[in-house]
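Let me begin by presenting the structure, written as structure tokens, before commenting on it.
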Amino acid sequence: MLQSQLFTKTRKEAPKDEVAKNASLLIRASFVDKLHAGVYTYLPLGFLVLKNIEKIIREEMNAIGGQELLLPALHPKENWEKTGRWESMDDLYKLTDGSGKEYALGATHEEVIVPLAKQFVSSYKDLPFSAYQIQDKFRAELRAKSGILRGREFIMKDLYSFHRNEEDLNSFYEEVRGAYTRIFKRCGIGNETHYTFADGGSFSDYSHEFQTVTEAGEDIIHICKGCKTAINEEVIAEQKDCPECDGKSLETRKAIEVGNIFPLKTKYSDPFELTYKDEAGKEQPVLMGCYGIGLGRLMGAIVEVCNDENGIIWPDEVAPFEYHLIAISGGDGEAMKQAQEFYEELKQKGHTVLFDDRDTGAGEKFKDADLLGVPKRIVMSAKTLEEGKVELKRRDEEDSQLVAREDLLG
RNA sequence: CGGGACGUGGUGUAACGGCUAACAUUCUCGGUUUGGGACCGAGCGAUUCCGGGUUCGAAUCCCGGCGUCCCGACCA
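According to this note's numbering, the residues represented by the first sequence are 704 to 1113, in order.
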């Protein structure tokens, strides 16, 4: 992408009302824009990151057999009355059309996917299976906060699994745990993200969360120094020791919940009478699990973890581009000309490149490069031309090096 | 939903109740530059969030609303 063509611009200063680091940096670098409290636009650069996160999640979901679909966001009131959540879920957005018919904006999708599954599940032979979607969710948060970490409209991946017995549910549950662990690792926050025992809220008796340690977090977790498993503050009273190992030394940290997994069992299959016939022809309730990851929140958490005083430092796999190519103009314009050619070459070899072809000072380009946080920066100037090479610097490293162009094309 | 802070060009700030609302930045034009937001000159850009009130006079004081952020409560 040519930076001169990008319709968004970076800012020297963050809007004064953004305190959260993720919002401050993402807005300054023009990855996102705030429409109103808790509702953000993903601008072209932010959208690239979001799509990368989405790709990672999709690959890992597919790898454990999840079937992708897209459920509606506009739900009939009746489905929500059936589970009792039309009344009990107070952050549910409710709306009425011109004729007086009432709807809910999807805050979660058990109310839609369970009736859907009912249409196709009748025998034990139809089980197990799992389906997921990546879609906008709406929740009337009393207080949107922390930039994109807690919004009122947000993109979420929700996976639902359907099983004939608890054993099968539990084994799939562990598979999802593995997939989630890989997702957060690929997103560059594997070391900061902990598998955590938590309360089930209104969803189930208990649950597990994936908590990323950051000062911007709104939860308190107690991390086992032995096995890195953690316990959420809300259940620490019941569980004083690490349940995974003998480690009893817990470290207390603030963290943000980037993912969660719930054994729903029959909580939502019961109200919709989702059942199957077993080998004996006997009607049995379907057991369910549900598993969520907030994509925007994940992006925010990555920024909270991966930054320095100069800007964002995107992990390789989520970065909007692989290379940030900077041409330092001036002189006879040769550097700009050669950079233009190199840009085309890199693209041809399949690399993603942001090419700073703007006619502006070198300082501004470097500042913007640091702020945008593309993992690898290539500089071409009169200086590098003399050597017949280009300068390569990783965003997460101090030193740069001169390398041959061919070395970057491979 | 309780408490607090704030609301002035796109962004960040300033202005005692009193001149044409100031400065920086962004942006436009011209010129000089080109290895860390460079420099010079000339411009554009605001009904000071909205509505009332006090006053000869309100960005400034008072009341109400709306909005944003922070703390708390709440929360897949």
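Ideal placement from N, C-alpha and C gives every residue a C-beta, glycine not left out.
Give every residue of the same chain whose Cβ lies closer than 7 Å to the Cβ of P747, excluding the five residues on either side of it in the sequence, and list them in chain order.
L709 and T711
I'd like the span of the beta strand (DSSP E) that includes N1013, first residue to last.
Looking at the DSSP string, N1013 is not in any beta strand (DSSP E), and its letter there is neither H nor E.
Distance, R1080 Cα to L1028 Cα
6 Å
Cutoff 8 Å; reference N1013; Cβ partners in own chain excluding five residues on either side
K1070, D1073 and L1074
Check whether the Cβ atoms of Y745 and L753 sit closer than 7 Å, and answer yes or no.
yes
Expressed to the nearest angstrom, what Euclidean distance is found between the alpha-carbon atoms of G992 and S864?
5 Å
Per-residue burial, R846 [other beta carbons within 10 Å of its own, 16 or more giving buried]:
exposed
For the pair the stretch 953 to 968 and the stretch 902 to 917, tell me if three or more CB-CB distances fall below 8 Å.
yes
Alpha carbon to alpha carbon, what distance is there between Y876 and A933?
18 Å
For S826, three-class secondary structure by DSSP
strand
Does the stretch 867 to 886 touch the stretch 923 to 932, meaning 3 or more C-beta pairs lie closer than 8 Å?
no
For P718, is the classification buried or exposed, using 16 other Cβ atoms within 10 angstroms of its Cβ as the cut-off for buried?
exposed
State buried or exposed for G984, treating a residue as buried only when at least 16 other CB atoms are found within 10 Å of its CB.
exposed
Note the first and the last residue of the continuous alpha helix (DSSP H) segment covering N868.
Careful: N868 lies outside any alpha helix (DSSP H) and carries neither H nor E.
Have a look at I1015, K1092 and Y1046 and flag the residue whose alpha-carbon is nearest the alpha-carbon of I730.
I1015
Whose CA, out of V1082, M704 and V1008, lies closest to the CA of V1106?
V1082
In the DSSP assignment, the alpha helix (DSSP H) including A723 goes from what residue to what residue?
Element bounds for A723: n/a, residue is neither H nor E.
What does DSSP give as the partner residue(s) for Q987 in the beta ladder?
Y979
Boundaries of the beta strand (DSSP E) in which V1106 is found, first to last residue
S1103 to V1106
Unbroken alpha helix (DSSP H) runs of length 4 or more, entirely within the stretch 852 to 917: which are they?
869 to 889
Give me, in chain order, the residues of the same chain whose beta-carbon lies closer than 8 Å to that of D1102; leave out the 5 immediate sequence neighbours on both sides.
K1096
By Cβ distance below 7 Å, which residues in the same chain neighbour S733 in space, the five residues on each side in sequence not counted?
T711, K712, T713, L746 and L748
Do D778 and G809 have their C-beta atoms closer together than 7 Å?
The sequence shown places His at residue 778, not Asp. For H778 and G809, yes; Cβs fall inside 7 Å.
From P974 to I837, what does the alpha carbon distance come to, in whole angstroms?
25 Å
Mapping the DSSP letters down to three states, classify Q942 as helix, strand or coil.
coil
Terminal residues of the beta strand (DSSP E) in which R1080 lies:
K1079 to M1083
In this structure, how does DSSP classify L773 when only helix, strand and coil are distinguished?
coil
Quick check: the Cα distance between D1019 and R761, rounded to an integer number of angstroms?
17 Å
Quick one: is E1090 buried, meaning 16 or more other Cβ sit within 10 Å of its Cβ, or exposed?
exposed
Under 8 Å Cβ to Cβ from H866, same chain only, skipping five residues before and after it: list those, please.
L830, P831, L872, F875, V989, L990, M991 and G992
Range covered by the beta strand (DSSP E) that runs through R956
L953 to K968
Look at G769 and L862 and say whether their C-beta atoms are less than 7 Å apart.
yes
Cβ separation of M704 and L1111, assumed to be a contact under 8 Å, to the nearest whole Å
Not really, about 17 Å apart at Cβ, beyond 8 Å.
If we ignore side chains and look at the alpha-carbon of each, how far apart do L953 and E947 end up?
12 Å
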